[in-house]
């Protein structure tokens, strides 16, 4: 029944030789290839943009060392799920745990992993769209290696699209125009999954030409999986724009999120977080304004209440920034954890 699977899943690479765009990791001298050749897999974090092969590499690595592979999302899993994974690992003599959005695990959840990484019972492969080093505890960071994944080049994507139209697992026999494939490769922005999903949609319209690709690109760009990579990439882009004092970019990402159906109250809570973590004591009024924007939206609803979010977004983007509050609290937490019984 593989023909019922999405094209991106059917064409998922099955070996390092099939992985595109990451020669620094998968080439003859790449660290991941050397790990596989030695049959010694370290715990690690793979970080990079969507569609660059994080899940695929994790599966290939687990299979290459002969260990069971288990996937969890840090958005949904907690300490209870970690305990269940540990029990399974004990029954099976160890396993590879692929933890998507690893940076979303809190300190308690991260600490629950430590003894099992130390003992070798679990091999952790975390994945995230950006370097999560500052979101992970020092104890967990010290047990991980960090590997960046790069966006696929236009030529890599073009080769992938051509393979999809000739490989028996793909869409063999589909009529296509070379220029349409190049248009799609340019528009995909280094994201292999996006490119294949769009190609599959264009092919379903009858023929892969410039017209069907443009139509498919419009549909794919507007569709947003609220629990998937694209949603959190947009939220991350909004947060970074606010942090970097980029007003226009902040409004752009806010508009994209709202148009794609993101929950305005979720976005309001993110603005409150920015006011606390990134503006902090540099402008204490920012927190009051962010909270007021959330309350205004709750009172007015959409679309009128969206202007309150716009006002808060512009204010936060223009505000001076200081993470001293956040940094001081993290240090206090670490000190309390390291010295829980210090005399008063």
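In this note's numbering, the protein residues as written are 359 to 702. Even for Gly, the Cβ is constructed at its ideal location relative to N, Cα and C.
Classification of residue i by the beta-carbon crowding that lies within 10 angstroms, buried from 16 upward
i, result
"residue 503", "exposed"
"residue 484", "buried"
"residue 697", "exposed"
"residue 468", "buried"
"residue 492", "exposed"
"residue 699", "exposed"
"residue 702", "exposed"
"residue 379", "buried"
"residue 558", "buried"
"residue 678", "exposed"
"residue 585", "No answer about residue 585 holds up, because its pLDDT of 44 lies below 50 and its placement is not dependable."
"residue 611", "buried"
"residue 490", "buried"
"residue 442", "exposed"
"residue 359", "Summary for residue 359: the model assigns pLDDT 48, below 50, so the residue's position carries little reliability; its value from the coordinates is reported in the next sentence. The residue is exposed, with fewer than 16 neighbouring Cβ atoms inside 10 Å."
"residue 694", "exposed"
"residue 387", "exposed"
"residue 459", "buried"
"residue 636", "buried"
"residue 608", "buried"
"residue 602", "exposed"
"residue 536", "exposed"
"residue 548", "buried"
"residue 643", "exposed"
"residue 438", "exposed"
"residue 363", "exposed"
"residue 651", "buried"
Whole-angstrom C-beta distance between residue j and residue i, which should lie under 8 Å
i, j, result
"residue 457", "residue 475", "Not confirmed; about 11 Å, so no contact."
"residue 436", "residue 507", "That belief does not hold up - the Cβ atoms of residue 436 and residue 507 are roughly 27 Å apart, past 8 Å."
"residue 629", "residue 671", "7 Å"
"residue 632", "residue 674", "5 Å"
"residue 564", "residue 365", "That pair is no contact at about 16 Å."
"residue 658", "residue 522", "Incorrect: roughly 47 Å between the Cβ atoms, too far for contact."
"residue 622", "residue 664", "7 Å"
"residue 374", "residue 391", "6 Å"
"residue 626", "residue 655", "6 Å"
"residue 404", "residue 412", "4 Å"
"residue 599", "residue 501", "Not really, about 33 Å apart at Cβ, beyond 8 Å."
"residue 683", "residue 634", "7 Å"
"residue 619", "residue 681", "Contact flag wrong, Cβ pair sits at about 31 Å."
"residue 505", "residue 428", "No, residue 505 and residue 428 are not in contact; Cβ-Cβ is about 20 Å, not under 8 Å."
Terminal residues of the alpha helix (DSSP H) in which residue i lies
i, result
"residue 539", "536-545"
"residue 419", "412-422"
"residue 667", "664-676"
"residue 606", "605-617"
"residue 559", "550-562"
"residue 692", "682-696"
"residue 652", "643-658"
Residue nearest to residue i in terms of C-alpha spacing, selected from the options
i, options, result
"residue 514", "574, 565 and 540", "540"
"residue 445", "486, 471, 642 and 415", "471"
"residue 555", "650, 691 and 518", "518"
"residue 510", "552, 369, 492 and 532", "552"
"residue 416", "455, 397, 438 and 389", "455"
"residue 614", "395, 595, 494 and 604", "595"
"residue 669", "679, 370, 410 and 648", "648"
"residue 571", "591, 598, 375 and 538", "538"
"residue 393", "481, 688 and 619", "481"
"residue 399", "412, 423 and 460", "423"
"residue 463", "432, 410 and 421", "432"
"residue 566", "530, 597 and 598", "530"
"residue 532", "544, 561, 526 and 450", "561"
"residue 461", "434, 372, 639 and 569", "434"
"residue 486", "535, 425, 426 and 409", "409"
"residue 688", "495, 439, 450 and 453", "495"
"residue 466", "452, 592, 477 and 440", "440"
"residue 372", "381, 395 and 414", "414"
"residue 448", "549, 479 and 421", "479"
"residue 367", "550, 592 and 451", "550"
"residue 451", "477, 438 and 459", "477"
"residue 616", "497, 667, 498 and 606", "667"
"residue 488", "641, 597 and 546", "597"
"residue 542", "525, 568, 526 and 524", "568"
"residue 545", "512, 377 and 534", "512"
"residue 498", "525, 473 and 516", "473"
"residue 593", "524, 526, 421 and 624", "624"
Boundaries (first-last residue) of the beta strand (DSSP E) holding residue i
i, result
"residue 430", "427-431"
"residue 632", "Element bounds for residue 632: not the beta strand (DSSP E) but the alpha helix (DSSP H), 622-632."
"residue 704", "The structure shown does not extend to residue 704, since the chain spans only 359 to 702, so no value can be given for it."
- prompt: Which parts of the region 447-529 are runs of the alpha helix (DSSP H), unbroken and 4 residues or longer, counting only runs that do not cross its ends?
  reply: 465-477, 496-499 and 512-522
In chain order, each beta strand (DSSP E) run of at least 3 residues that lies wholly inside the region 368-395: none
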